[in-house]
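>
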Amino acid sequence: MTEVMSQTTTPPATGGPRKPGWELVKLPAPSHPRPKPIAENARVLAHYSITDRYRFLSLHAPGIAATALPGQFVMITLARSGESAPALPRPMAIYQRDPQQGTIEILYGVVGDGTRRLATFATGEDLLVVGPLGRPFEIADGTSVLLIGRGIGTCSLTTVAQDARARGIRTVAVTSGRTGRPSSEPTCTGNWAPNACTRSATTTPPAPPSPSTRG
Ligand SMILES: Cc1cc2nc3c(=O)[nH]c(=O)nc-3n(C[C@H](O)[C@H](O)[C@H](O)COP(=O)(O)OP(=O)(O)OC[C@H]3O[C@@H](n4cnc5c(N)ncnc54)[C@H](O)[C@@H]3O)c2cc1C
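If you count the sequence shown from 1, you need to add 82 to reach the numbering used here.
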């Protein structure tokens, strides 16, 4: 069993308003063993900007593509051969994988030193990639799926949508982004809508109140 913290509201013994609290939730044991992670020198097949901040990366990683399950991620080492920094690999969700072609695809935001370095890798270079990692999502037959994701985090759900849809499971995705405009922030709906989901929606959070309207 896996334990995760979940925020709850606990009714006080004396009545009155519910108080927020935290409790341990036990997830059921995975029904299948996780795929064994491997390390691969993955060739960069395509790598380009999709917006000012976000980039698309396609890698030839046949071993990882063959076994990755929905919701899993990889760790990417950004130091080139002979370099010692950055020492720590960076985690990235598998946005798409194609076991036949032996490819995995990643969408990432350039936010710091590591992702700035990742952005310098050109087509034809190799990246050391370890995966697949993380607990995959399990979806039972005969159910339907509601996927809720925000911004770049949505990319960890696209493989869930693909697999669920391929199995004939009704899949609805609700995504949100800072701007609601895919041209400035990818919410992955472009990929979900035609290939994966019966319906998808992009929600834009309301703008914060202007100083004149704040109470
Ligand atoms: C399991 C997992 C899967 C992930 N999948 C993806 C993915 O598919 N695509 C993706 O873009 N990212 C993903 N991330 C986040 C990604 O790993 C980080 O953005 C990345 O490691 C940042 O490394 P860096 O060296 O560029 O930034 P750092 O040097 O670590 O951080 C630089 C600055 O950026 C800030 N920062 C760091 N991460 C973020 C962020 N995500 N958003 C905004 N500010 C940030 C830090 O607070 C810091 O101020 C994932 C993370 C996890 C744990």
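Backbone N, C-alpha and C fix where the C-beta goes; we use that ideal spot for every residue, glycine too.
(1) Please report the distance separating the alpha-carbon of V212 from that of L141.
(2) Mark L228 as exposed unless 16 or more other C-beta atoms lie within 10 angstroms of its C-beta, in which case mark it buried.
(3) Listed by chain order, which residues have C-beta atoms less than 5 Å from any heavy atom of ligand 3?
(4) Find out if the Cβ-Cβ distance for the pair P173, A147 is shorter than 7 Å.
(5) Less than 6 Å between C-beta atoms, sequence neighbours within five positions excluded: which residues of the same chain meet that for A143?
(6) Classify P144 as helix, strand or coil using the three-state DSSP reduction.
(7) Are the region 192-200 and the region 155-163 touching, with three or more C-beta to C-beta distances below 8 Å?
(8) Cβ of I221 within 7 Å of Cβ of A248?
(9) In or out: Y130 buried (at least 16 other Cβ within 10 Å) or exposed?
(10) Going by C-alpha distance, which of Y190, G235, F138, V192 is nearest G153?
(11) Throw me the rounded Cβ distance for the E207 and V126 pair, which I believe falls under 8 Å.
(12) Would a C-beta distance cut-off of 7 Å place L215 and P119 closer than the cut-off?
(13) Skipping 5 residues on each side, what residues in its chain have a beta carbon closer than 6 Å to that of P218?
(14) If we require 3 or more residues per run, which beta strand (DSSP E) segments fall completely within the region 143-200?
(15) Using CA coordinates, which residue listed in G145, H114, A169, V256 is at the minimum distance from Q183?
Per the coordinate set shown:
(1) Between the alpha carbons of V212 and L141 lies a distance of about 12 Å.
(2) By the neighbour-count rule (16 or more Cβ atoms within 10 Å), L228 is not buried but exposed.
(3) Within the structure as shown, ligand 3 is missing, the only ligands being ligand 1.
(4) No, the Cβ-Cβ distance between P173 and A147 is not below 7 Å.
(5) The answer, listed in chain order, is E122, A124, I186, V211.
(6) Correct three-state label for P144: helix.
(7) Counting C-beta pairs closer than 8 Å gives three or more between the region 192-200 and the region 155-163, which meets the contact rule.
(8) No.
(9) The Cβ neighbour count for Y130, taken over all protein chains shown within 10 Å, is under 16; the residue is labelled exposed.
(10) Answer by Cα proximity: G235.
(11) Confirmed, about 5 Å.
(12) Taking C-beta atoms as the reference points, L215 and P119 count as a pair closer than 7 Å.
(13) L151, P152, G153, Q154.
(14) If we require 3 residues or more, the beta strand (DSSP E) runs fully inside the region 143-200 come out as 155-159, 172-175, 178-180, 185-191.
(15) Selected option, being the one with the closest Cα: G145.
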